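Asker: The structure under discussion is supplied below as structure tokens; questions concerning it will follow.
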Amino acid sequence: MNTNLVDPYELNIRKALDKILPGAYDNIEKIGGVPTEIRKNILEILIKYACESQNVTAIMLARDRIKKIPSSCLSCIFLEASDAVIDFQDEWEYRRLLELVKEAVPDLLTLFIDRGYSQRRLKYEKRQKIFFN
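Following the numbering used here, the numbering of the sequence shown begins with 1 at its first residue and continues without gaps.
Now the structure itself:
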């Protein structure tokens with residue numbers, strides 16, 4: 001591969017994924033056959049790029065990779081992987097997560113909306129307890 005012709009964000013994502021599982025970036029649609037922990041680690045990296053990044057290229061590259069993962073594989077690990085890397089209190093991360101879920105695993109959208117709402121409610125309840133006690 002000629003790295004001079006590859007977007008630097010794509011190169012970073014490729015290196016991160018291939019460090020966990022050689023060839024993962026190019027064969028993302030085949031990760032269903034690898035151990036769950038490896039799949040989860042790969043998905044965590046992609047979710048971070050898709051939701052924490054502030055560069056649209058990195059966001060779109062990660063979303064594209066995620067959408068190539070078979071939905072049966074995504075559905076069973078997406079919640080756990082996103083919980084490991086997403087700050088539900090961060091408005092931008094949460095918004096990007098909802099966009100990603102809507103595109104990649106739309107069956108989980110209601111779950112993630114409810115999850116974000118309850119996470120935020122807990123944050124405010126903790127503040128109230130601190131303030132009023």
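By construction, the Cβ of each residue, glycine as well, lies at the ideal position given by its N, Cα and C atoms. Fair warning: this is a prediction, and the values are worked out from it, not measured in the lab.
Just the C-alpha distance for lysine 102 and glutamate 93, rounded to the nearest angstrom, thanks.
Answerer: Going from the Cα of lysine 102 to the Cα of glutamate 93 covers about 14 Å.
Asker: With a 10 Å radius around its C-beta and 16 neighbouring C-beta atoms as the bar for buried, classify leucine 71 as buried or exposed.
Answerer: First, the amino acid is wrong: residue 71 is serine here, not leucine. Label assigned to serine 71: exposed.
Asker: Spatial neighbours of valine 34 within its chain, please: C-beta separation below 7 Å, excluding the five flanking residues on both sides.
Answerer: Leu21.
Asker: When the Cα atoms are used, what is the spatial distance from leucine 98 to asparagine 55?
Answerer: So the two alpha carbons sit approximately 17 Å from each other.
Asker: Would a C-beta distance cut-off of 9 Å place valine 85 and isoleucine 47 closer than the cut-off?
Answerer: Yes, Cβ-Cβ distance for valine 85 and isoleucine 47 is below 9 Å.
Asker: Out of Ile77, Gln119, Glu10, point me to the one whose CA is closest to leucine 108's CA.
Answerer: The option with the nearest alpha carbon to leucine 108 is Ile77.
Asker: To the nearest angstrom, how far is the alpha carbon of asparagine 41 from that of alanine 81?
Answerer: The alpha-carbon atoms of asparagine 41 and alanine 81 are separated by roughly 7 Å.
Asker: So glutamate 52 is in the alpha helix (DSSP H); what residue range does that whole segment cover?
Answerer: Where glutamate 52 is concerned, the enclosing alpha helix (DSSP H) stretches over 36–52.
Asker: So, alanine 58 versus tyrosine 9, is the Cβ gap smaller than 9 Å?
Answerer: For alanine 58 and tyrosine 9, yes; Cβs fall inside 9 Å.
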